[in-house]
Structures are given as structure tokens and as C-alpha cells.
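A short write-up of the structure that comes next.
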Amino acid sequence: MEYSDARAVMTVALSFLLLLHSLSPTTAATKLVEGVCKKTISYANCVEALDSDSRTPSASNLKDLAKIALGLALSNATESKSFIDKLLKIKRTAAVAKCSSWYKLVVASFRSALEEVEEDALTANYDAKIASDYAVSCENELGSRGIKIPAISTINNYVQLYSSIGFVITNEL
Ligand SMILES: *[C@@H]1O[C@H](CO)[C@@H](O)[C@H](O)[C@H]1NC(C)=O
């Protein structure tokens, strides 16, 4: 092989490696997500939740990621609240009515946490954490009456997940 050919091959190979590197998923955002999710109640569910947002790959710091996570928490809990309210319309029971009230507080806590990220990380941290207590109260409401509503238990678990993610992130701000 001629020297110039060898150089051309090297150049192509190097460009290819650089391309691979730029496409590699180990970006700053990936590292942030992994660092946070390792400390939550479920690494896999945390990564899945954060990756579901199109803004996550461009998150360059924890504060960006905190806003994304708490935004997801808020919209997820808002959906859950309206699901519970739909159930309530179909069949009004005391337990589901209680859960609806608890979910008002879940939604309010995540909203407050999101709003406080910029100003007051400590309050955001507290609000993110307490949201899960309200979901536990809903779960206990069902449990103490011997009522099983798996769909509500599932959304209670979502609140636990987002509360855990929100708590871990805001704890590091
Ligand atoms: C809520 O979050 C969970 C966990 O990430 C997800 O599986 C579910 O699809 C979300 N629900 C809505 C309505 O966004």
C-alpha cells in the first residue's frame, strides 16, 4: 500500500471512530440520568420515565433534568387524578372519593416542587417527597376497607416512582 493510500485509510477510519463517538449514547444527559436513577426506587423505571421526554437528551445539568422530571411527575399525576375522577363518576364510593382528595394534594405537591426548583430547592425537595405520602394514604384508604382497585394501585406506584426521582434530583441541587 502506498503511503498516501494508508493515510487515506487512516483518515477514513478516524472519521468513522469520531462519528461513532458522536453517536454514542454516553452524553452528558445520559450520565445525569444514570447518576440520578441509580439512587431511585427503580433504576429501569426511572430511566424509562426520563427517556420518555424528548427534552431529556439535551439536558445539560441537574436543574434542567429536575424540571423535566417534575414536569413529567405533574402531568402523570394530573392524568391519574382525572382517571380517579372518571371512576368516581361511574361509581361513587367513599374510598375512591378519598383517593380523589389525596390526588389533589399529589398534584399540588408536584406542581409546587416544579415551581420551586429555581427559587427554593429545599422546598422543592420536600414537596417532591411528600407527594408519595398522599399516594400511600390513597392506597391505605383502599386497603383498610378491603377494596382492591389494581388500576389505582398502579398509579399510586407511579407517584412513588416520580416522587423518588424528584426527591433524588432536587436533593442534589
Ligand atoms: C405515567 O408514568 C408511568 C411510569 O413512567 C408510565 O408508565 C405511564 O404511561 C404514565 N402515564 C401517563 C398517562 O403519562
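Residues -29 to -1, 1 to 144, numbered by mature numbering (1 follows the signal peptide of the UniProt record, and there is no 0), are exactly what the sequence shown covers, in order. Cβ atoms here follow ideal geometry from the backbone N, Cα and C, with glycine treated the same way.
Three-state class that DSSP yields for residue i in the structure shown
i	result
D104	helix
I12	coil
G117	coil
L3	helix
L144	coil
T(-3)	coil
Nonlocal neighbours in the same chain, by C-beta distance under 8 Å from residue i, ignoring five residues either side
i	result
V18	V4, E5, C8
A(-1)	T27, P28, S29, A30, S31, L36
L132	T11, I12, S13, N16, C17, A20
D24	I39, G42, L43
Same chain only: Cβ atoms within 6 Å of residue i, ignoring 5 sequence neighbours per side
i	result
I12	S135
L21	V4, T27
K38	V88
I101	S80
A66	E112, L113, R116, I118
7 Å Cβ shell around residue i - same chain, five flanking residues per side excluded
i	result
N96	F138, T141, N142
G42	L85
S124	E110
S108	W73
Examine the Cβ distances between the segment 130 to 143 and the segment 28 to 40 and report whether three or more of them are shorter than 8 Å. yes
If you scan the segment 21 to 100 from start to end, which runs of the alpha helix (DSSP H) of 4 or more residues do you find wholly inside it? 33 to 61, 65 to 87
Check whether the segment 109 to 126 touches the segment 79 to 93, taking contact to mean three or more Cβ pairs, one atom from each stretch, closer than 8 Å. no
Three Cβ pairs or more, each shorter than 8 Å: is that satisfied between the segment 53 to 61 and the segment 89 to 103? no
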